[in-house]
Every structure is written in structure tokens, then in C-alpha cells.
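S.K.: Using the numbering used here, the first residue of the sequence shown is number 13, and each one after it goes up by one. I'd like to ask some things about the structure below.
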Amino acid sequence: MVLNTRIAAGFCALSLTVAALLMAPSSASAQNKETGAPTSAGAPTSAGAPAGQVLQVKKSLTGEFTYRFFSPTGYSTAPAALPAAAPGVAAPISVPAEAAKATLEVVDKTRGNVAQIPVAGIKAGAVTLDEASFKSVQTVFVTVQKAGKPVTDVLVTMSTADHKFSMAFPLKASDAGVAQFPTVPMGVPITVAVNAAGHPPFQSINTLQPGHPADGVHWPVIQVDWADVATLTPAPTAPVAAAPTAPVAAAAQKPAPETGGGFSQILNIIIAIGFLAALAYGVLWAFNNGHIKTLLEKAGVNTSELKPADGAQPSPFDKPAAPPITPITEGTADPFGGAPFAGAPAAAYAAAPSGPRLVATAGSYSGTIFAVAGPQVSIGRDTAAGVSLSSDTSTSRQHALLSNDSGQYSIADAGSSNGTFLNGVRLQQGVAHPLRSGDEIQIGQTRFRFEA
């Protein structure tokens, strides 16, 4: 639509006002371990079902069941419905050739429970499933609130006392205050902790039992009272649609044609360009001086992000790597009595070091085992570091230092850009913290379990 001269002049004045407001300085400043799952042995350990053969699955329960084969190295078949069969009657399923060293997982969708049986431990090619075979809950939901509002930007952890089962869930705004944990063991005490930097954790302990709802277990709501914790405002209820009004006659809707000569049109275009240029300059100036970020933070928008350390920038032309398949047993007790952790190649596991070590459980190094030897071991992106994480661009070159004092190990942050976390809590720079076997350490986007 062509603007007349007066409207164009009004836009010009508006542009100068907006630019002045944007350039004005602000008067105030704003302030999955990967999925783990317990193993469950459902049959005696003896000669397993031959790969590529038919496995007979006999169950004493009724309901809807699915199954799949997976291994800690990342191999997994697509979930499929278990063939229908009467209780006590065997249902045949095929064992893929690649599944000889895998685990058979059966999900009871009617009750929301999970059973896991190593294929190598299946006797005579037959499996019998009863209620005791299902040792894990398929999904546990943990809601975190403050004064009834969903909480964001905290770390929710879930673990057993022996840390054979341990998972972490960074709670983001998109989670609406609910952390979800898959394949959680039943019959043992489970500790849930909500962690935030500079605060003692809020903890809750429960023992999961069968007989829960089929959609999973909803953990009792955890209420935190930290003054600086970020909360979310619940979405408003959708407004009721207004009743349609009577249509206006076509003649009344037709706008009157606008008039203007060629000079007026050129002047309108020049003024409009000047308005857009002034607006763009004002926005750019405000962005470069941090005023836009301040306004967003005052509005409650979290503008922090995990940045590449030491100025390392990934190429914008690199094709992003596909995310790895999430193994279910990663971070839990070994289902094969000596098989590698999730993501670790067989050759790397065969050469796994003995003694104190760091076991990577998340990130691009998931499944890799690093030996910890000597009085001090540096951790960082530098290729000369004792534990080199050269592929993790969010790790600083000299990120953390692990020390050994007569068998007592400790870790300290070495002035990293993104911080060092011990059991979900960020460490103070240069202050050594003692380590115990089973402690969780996060360096950049890589997470470790310390074993001694």
C-alpha cells in the first residue's frame, strides 16, 4: 500500500523514537548418565539360544507386550509386539545373528514394567516370564516446583545407594518442571536429588513396587525454596472464541483509492528506507552493547548457553553428527558379567585399564575408559592432557586436575570456561574436592564415573 506524505513523516518520527529508546543505556542489570537400566537375569546362565534361531517365550501373564534386542555397544532392534499366546503357551520370536551377545528386553505395556534377560543366559532356547521377571518400572516422572510453579535450569539425579543405577536429567524450560527417568529398578531404595549451584540438594527417597499405574510412577512433587531458582509461568487458558459478527456489506469494505503523484511515492520510499535503517542500527547497537540481553533477562528469559572453550569455534559448514543411539543399560550393573559399557568398542574394552579410572558415560567419549595413574592427571581438550577430550569443544584446554595423595583422590577445576561438576554441583575454581568410587564428574559435555 502506498503511504501518503503525512503517514511517511509519522513513520520517520516513530523510527527516530524507537532508535533512541533502544540506544538508551539500561538503568538496572539483570541477573542421561545417559539412560541407565538395571539388569535382570531371568534364567540360569548356560548355553544360550543360537543366533539366527527361534526363541520360545512363555509367559504366565496376560496383557500387551513388546520386545527388542539391544547391546551396550549401541546395537538395537526396533520394538515389536510379542506374538499373542495364551498364558503358559510359548510364543516364538527370531533371534537376529547380531543378537548373540545382546539382551532381550520385554516391556509389559499393560502394567508399565520391564524385564531384561541376557541372550547368552537363556537355557535351551526358552524363556519363562512371570511377574517376578519384571524388575524395573518403564518410566518414572519427577515434578519439581517452587510455590506451585514449575522449576527450570536445575539438575535432577536418580540413583541407588550402590550407584549401580544412576541417571541425571538437566531440567529445561521445555520440560515444564517434569523430569522423566526410564527403566528404574523396583524393590530397592531410590534417591532423587534436585541440585543447583551454591545450594544443598533437596532429596527424596522411595522404593518402587509393582502395582503402579500403567503409564508409570509419578514421584511425590519436590518443592524447593531457593530464592534464585528460575520458575515458569503456567500457560494461560485459551480464551473463548467470540461470537461471529454480522458480515459488512462489500461496498462498505472496499477502501477508497489513494492518490499521490510520482514525487510523493518517491518521498514515501525514501522515508520508509530511512526508518528501517534507523531501526536496524538501533537494534544492532543495543545488541552489541548488551541491552537486549539485559531486557530479556529482566523478562525472565535464560540467555546463558554452553559455549566452546578457549575460543574454539566449530566450522559452520560441518554437517552435524547424528546423535548416538541411547542404550538402556548404560551406567548400570554389567548384564553380561564383563561386557563393555555402552558405546565402548570390544577392542577398547579388552584393553581396559585396571586400578583407578574414569569411565565415560555420556558425550562423544561414552564408553571410553581412561586410566588414572600418577600423583596428578590433567583433564582437558589439550592433546597432551592425561585425559584428552580433544573432540569436546565445550572443554577447556586445561579444564580440571585430578590428584592422588597416598591413595586419596581429589579433583579441582583448573579455571575452565564452562565449569567442572561433581555429582551435579559446580566446583569452585582451584579448590580440591575428595572423590569416592562411583562419583559422577562432568567436564564440558562429557560425563564420567570415577572408579577406584
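Cβ coordinates follow ideal geometry from the N, Cα and C atoms, glycine included.
Is it the case that the region 159-175 contacts the region 83-97, given that we only count it when at least three CB pairs across the two stretches are under 8 Å?
M.R.: In short, these stretches do not touch, since the Cβ pair count stays below three.
S.K.: Leaving out five residues before and five after V101 in sequence, what residues of the same chain have Cβ atoms less than 8 Å from its Cβ?
M.R.: Excluding sequence neighbours, V101 sits near K70.
S.K.: Measuring CB to CB, does P130 end up less than 8 Å from L244?
M.R.: Cβ distance not < 8 Å, so P130 and L244 don't count as in contact.
S.K.: Which residue wins for smallest C-alpha separation from S406, given the options T85, I423 and S429?
M.R.: Closest option to S406, Cα to Cα, is S429.
S.K.: Terminal residues of the continuous alpha helix (DSSP H) containing L141?
M.R.: Not the alpha helix (DSSP H): L141 falls in the beta strand (DSSP E), residues A138 to L141.
S.K.: Assuming A374 is part of the alpha helix (DSSP H), what are its boundary residues?
M.R.: No alpha helix (DSSP H) holds A374; the beta strand (DSSP E) holding it covers R369 to A374.
S.K.: At the level of alpha carbons, what is the spacing between Q410 and A209?
M.R.: Cα-Cα distance, rounded: 22 Å.
S.K.: Counting beta carbon pairs with one atom in the region 106-115 and one in the region 74-87, are three or more of them shorter than 8 Å?
M.R.: At 8 Å Cβ cutoff, the stretches touch.
S.K.: Take the Cβ of L183 as the centre, count every other Cβ of all protein chains shown within 10 Å, and call the residue buried at 16 or more, exposed below.
M.R.: The residue in question, L183, is buried, as its Cβ has 16 or more Cβ neighbours within 10 Å.
S.K.: If G427 and Q441 are in contact, beta carbons under 8 Å, what's the gap, nearest whole angstrom?
M.R.: Going by Cβ atoms, the distance from G427 to Q441 rounds to 5 Å, so yes, they are a contact pair.
S.K.: What are the partner residues of A191, as DSSP defines its beta bridges?
M.R.: DSSP output for A191 lists V154 as bridge partner(s).
S.K.: First and last residue of the alpha helix (DSSP H) that includes K310?
M.R.: Element bounds for K310: H303 to K310.
S.K.: Considering just the uninterrupted stretch of the alpha helix (DSSP H) at S145, what are its terminal residues?
M.R.: Taken as a continuous stretch (DSSP letters only), S145 belongs to no alpha helix (DSSP H), as it is neither H nor E.
S.K.: Tell me whether Y293 sits in a helix, a strand or coil according to DSSP, three-state version.
M.R.: Three-state result, Y293: helix.
S.K.: Whose C-alpha, out of P212, G398 and A185, is nearest the C-alpha of A412?
M.R.: If we check each option's Cα against that of A412, G398 comes out closest.
S.K.: Please identify the residue among V206, S376, M179 and W231 whose C-alpha is closest to the C-alpha of R393.
M.R.: Nearest C-alpha to R393: S376.
S.K.: So, is V154 buried or exposed, given that buried needs 16 or more other C-beta atoms within 10 angstroms?
M.R.: Buried, since its Cβ has 16 or more Cβ neighbours within 10 Å.
S.K.: Is the separation between the beta-carbon of V484 and that of M179 shorter than 8 Å?
M.R.: For residue 484 there is no data in the structure shown, the boundaries of the chain being 13 and 464.
S.K.: Using the Cα positions of A136 and Y79, report the straight-line distance between them to the nearest angstrom.
M.R.: One C-alpha to the other measures close to 19 Å.
S.K.: Would a C-beta distance cut-off of 8 Å place T306 and A372 closer than the cut-off?
M.R.: Going by C-beta atoms, T306 is not nearer than 8 Å to A372.
S.K.: Any idea what DSSP makes of A114, helix, strand or coil?
M.R.: DSSP places A114 in coil when its eight states are reduced to three.
S.K.: Considering just the uninterrupted stretch of the beta strand (DSSP E) at I134, what are its terminal residues?
M.R.: First-last for I134: undefined, no H or E at that position.
S.K.: Near H175, which residues of its chain fall below 6 Å by C-beta distance, leaving aside the five closest residues on each side in sequence?
M.R.: Excluding positions up to five away in sequence, the list reads G450.
S.K.: State the Cα-Cα distance for the pair A226 and I202, rounded to the nearest angstrom.
M.R.: Distance between the alpha carbons of A226 and I202 is about 20 Å.
S.K.: Taking the beta strand (DSSP E) that T219 falls in, what are its first and last residues?
M.R.: Element bounds for T219: F214 to T219.
S.K.: According to DSSP, is Q68 helix, strand or coil?
M.R.: Strand, per DSSP.
S.K.: Considering only C-alpha positions, which residue in the set S403, P197 and D417 is nearest to M172?
M.R.: Note on identity: in this sequence residue 172 is Thr, with Met being the wrong assignment. Checked all of S403, P197 and D417; the closest Cα to T172 is P197.
S.K.: If you run the structure through DSSP and keep just helix, strand and coil, what is S390?
M.R.: The answer is strand: DSSP assigns S390 an E or B state.
S.K.: Report yes if the CB atom of Q157 is closer than 8 Å to the CB atom of Q235, and no otherwise.
M.R.: Taking 8 Å as the Cβ cut-off, Q157 and Q235 qualify as a contacting pair.
S.K.: How many angstroms separate the CA atom of F460 from the CA atom of G419?
M.R.: Going from the Cα of F460 to the Cα of G419 covers about 19 Å.
S.K.: Tell me where the beta strand (DSSP E) around P222 begins and ends.
M.R.: Counting along the chain, P222 falls outside any beta strand (DSSP E), and DSSP gives it neither H nor E.
S.K.: In the DSSP output, which residue or residues are listed as bridge partners for S400?
M.R.: Answer is G392.
S.K.: Determine the burial state of E452: buried for a count of at least 16 other Cβ atoms within 10 Å of its Cβ, exposed for fewer.
M.R.: By the neighbour-count rule (16 or more Cβ atoms within 10 Å), E452 is buried.
S.K.: Short check: CB of P212 to CB of V206, under 8 Å?
M.R.: Their beta carbons are not under 8 Å apart, which means P212 does not touch V206 by this criterion.
S.K.: On a CA-only basis, which of A242, Q277, A138 and E143 is nearest G223? Give me that one, please.
M.R.: Residue E143 is the option with its Cα nearest to G223.
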